[in-house]
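Notes follow once the structure below has been shown.
Residue numbers (UniProt numbering): 1 to 905.
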């Protein structure tokens, strides 16, 4: 290839042929060439300054090449220019002709739009619609040679086409304007009245694609600029309600999106309330399977039919997170096509959470009518009614509560219905009531019902229908989470069913079995560590473990499953630990090689293998504790881990720092040779301009620093103040960051103060207030005890440093429900006692402290002072913040399982 480009640039023939051959192999499904190597070769060529010129030439001027090759060149060019256009030489930019540097193109498009030639108008609108879709911001920026941003020139012409007799122009014009709702350029803002008038005209358009775009516009406006619709809201709601019943399902689907968008925008429910009696029946009607729904065909698939390639959708592992802010993908089913049925169910769910029991008088008669429909031909109506009950299970729980026993009793027989889709939806709906089912199991009748549900779901796990298997396994995982240790007496039969499913399921549903097994391990913990149970559980898993290669992505869910089992079994996993540990090390090593040279590694690079392996090693460290020391000492894990902590992938770093913290707890001695390197790279995660984008990494790095601090003590002193300088801004900007990072920052700061009070205490007045606020929101646990040891150590070293924040310190102390450590209890007493006899300069702070004591007394609490301190009492005002939350700090809930839950299809 040529090293430079000019206005008269021409490609070299050999280079042109080579790129065309690579593109042909890249897009050919029958090509035997290694796609990853082809991609790497194309990436190598992209280093040449004129590579993009070749792509332009292939796209626009190559003769004798297929449309597919030219399209591939165009797509690659588009992706390259998104990231590299500004870095290209001026000569290359002139050859490629970007929009902002090509005012002649914009003028030509205007000329075509203003012509009366339909072909010219359609061609120009088609080009503009693609520009608006891909790079809308370019038309809202200054272009040399134009007095206004191009969008200001084009908008009046788009509005004019709203009333064109040609549906193609109406559609393209509206689609183009809609792309700017999120950006809201000044030109659109100023002409909003004209845009809305155009929408109202197009609302009755005979072309369904135009009506769909009208609905999409109203949905976007209600999401980002609801004030524009304020004076037209009831008319818009009336229109959306009508087209929610449109004969075209795509129009109805777009309209249905409005209800969830409205509720998510937290607008006044009053505007919707009067429409509910008409809206609820529409949603229920649209929740019935249509005759052409692809799910009806799939639902007949027997387990003997092999999975198709399209059934095996990509799956993504979620890195370990030390805290409570990981997403619990409840009821998400990302692998299925979104349709009117699912959107209607989602809308009903959202509406039930906004209006609660208000919707039941309208909903229940319709549901009861559908459930009472008899005959095989009415099964779809019955199925939709069961779906509706599940959709409102959360939002209407208070109104349903008196009838839940009857509802559950009604649903249990449906698990054995002759229609597979009724069996599958009954599994899902029962899972939505699983919290109630478990709560009621404490009395005889409730336990009988719980047992019926449990056994019913286990039966359906062994169903011969793939769809039912999937729904039952997912529903059972939800029940496992709620029941937890209540499952222990039935472990034998549960394991028998799950491992039977493991032996018969095909690849897609096998992933859900892995999740159910892992969730079971999380739920019952050490109860699983019985020889009888392990004989059922481990041989099939080990067999699969030995069967899968290190480059097989089916290894991911198995690694995740082993992670949960290792944590649950604790030392009981030691008999399986060595081969698991060694394989994880080998996978990480081979992936590091593959990242540089996949050919010599023998496997393609995929960072998920590293992430899953790191997480399993974390599970081993957490489960085995100090028992992992012999494995670590004889491996290269320390050096591999440091390399992972510096990886460019955020999820790799996130899991690496999780493992660093777990190894610090289990065997810190083996980290000491590179301790300062670990601390330095961890501190850098807390001091980055992209902190908001990498909070999960920072969260785990912060936690790991704290775990290292309590193990190595004074060895951490050289970097203490660097870390403190990173933690303080996090605490001072807590409203901008997630809860887990704030909690971990507060605890790690306290741990550093505990081990190095002489270094931290001179600076305490700069952070005491924000630190104490964060401490007051943390649930009682061991980590909080460590942080308060740091607080006490600092106050002893520098009593005056806390004076200006004494009120906040008292509130932090009052947030304790019970200080279990007698030693810490006494230290806190001594700190408070030290402020009871104030010096003159302390008088104002001491008065505030006495006021706090009076407030605590007024709340009926025994205060934390030497005379009256009684552990276990806390004022209600603080209890909500400090004690009534789910356990959430640091290692207590480091990683919530990313569940493969199945929503109604």
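Backbone N, C-alpha and C fix where the C-beta goes; we use that ideal spot for every residue, glycine too. Quick caveat: nothing in here was measured; it's all calculated off a predicted structure.
The criterion of a C-beta distance shorter than 8 Å is satisfied by residue 720 and residue 756.
Within the same chain, 628, 662, 663 and 666 come within 6 Å of residue 621 by CB-CB distance, once the 5 residues on both sides are set aside. Residue 26 is a Cβ neighbour of residue 35, given a cutoff of 8 Å.
In the DSSP assignment, residue 669 falls outside any alpha helix (DSSP H), carrying neither H nor E. By the neighbour-count definition (other C-beta atoms within 10 Å, threshold 16), residue 690 is an exposed residue. Note on the stretch 719–744: whole alpha helix (DSSP H) runs with a minimum of 4 residues are 720–732, in chain order. Shown here for residue 682: same chain residues with a beta carbon closer than 6 Å to its own, the five before and five after excluded, namely 701, 704 and 705 in chain order. For residue 236, same chain residues with a beta-carbon under 7 Å away, outside a window of 5 residues either side, are 218 and 229 in chain order. The distance from the Cβ of residue 518 to that of residue 573 is about 13 Å, inconsistent with a contact at the 8 Å cut-off.
For residue 758, the enclosing alpha helix (DSSP H) stretches over residues 757–760. The continuous alpha helix (DSSP H) containing residue 452 extends over residues 444–461. Note on the stretch 512–580: whole alpha helix (DSSP H) runs with a minimum of 4 residues are 531–547 and 555–569, in chain order.
Between residue 55 and residue 73, the gap from beta carbon to beta carbon is short of 8 Å. A residue is called buried once 16 or more other Cβ atoms fall within 10 Å of its Cβ, and residue 697 is buried on that count. In this structure, 81 is the residue among 20, 81 and 22 with its C-alpha nearest to the C-alpha of residue 49.
Around the CB of residue 449, 16 or more other CB atoms lie within 10 Å, so the residue is classed as buried. Taking all protein chains shown into account, residue 669 has fewer than 16 neighbouring C-beta atoms within 10 Å of its C-beta and is therefore exposed. Counting along the chain, residue 600 sits inside the alpha helix (DSSP H) bounded by residues 598–601. Contact between residue 490 and residue 462 does not hold, since the beta-carbon distance rounds to 15 Å and is not under 8 Å. Distance between residue 813 and residue 776, taken at the CA atoms: about 7 Å. The residues 670, in chain order, have a CB closer than 7 Å to that of residue 633 in the same chain once the five nearest residues on each side in sequence are set aside.
Taken through DSSP and simplified to helix, strand or coil, residue 680 comes out as helix.
The stretch 416–426 makes no contact with the stretch 394–402, as fewer than three CB pairs between them are under 8 Å. When DSSP reads this structure, residue 302 sits in a beta bridge with 465. Per DSSP, the unbroken alpha helix (DSSP H) holding residue 825 starts and ends at 822–834. A buried status is given to residue 610, since no fewer than 16 other beta-carbon atoms sit within 10 Å of its beta-carbon. Taken in chain order, the complete alpha helix (DSSP H) segments of 4 residues or longer contained in the stretch 463–500 are 466–483. Around residue 137, the same chain offers 183 as residues with beta carbons nearer than 8 Å, after the five sequence neighbours per side are excluded.
Rounded to the nearest angstrom, the gap between the Cα atoms of residue 794 and residue 786 is 13 Å. In this chain, residue 267 is not harboured by any alpha helix (DSSP H), its DSSP state being neither H nor E. Excluding the 5 residues flanking it on each side, residue 341 has same chain C-beta neighbours closer than 6 Å at 287, in chain order. In the structure shown, residue 47 falls within a coil segment according to DSSP collapsed to helix, strand and coil. Judged by DSSP secondary structure, residue 215 falls within the alpha helix (DSSP H) whose first and last residues are 208–224. The C-alpha of residue 29 lies about 41 Å from the C-alpha of residue 150. Annotated three-state conformation of residue 97 is coil, per DSSP. When C-beta atoms of the stretch 528–535 are compared with those of the stretch 586–595, fewer than three pairs fall below 8 Å, so the two segments do not count as touching.
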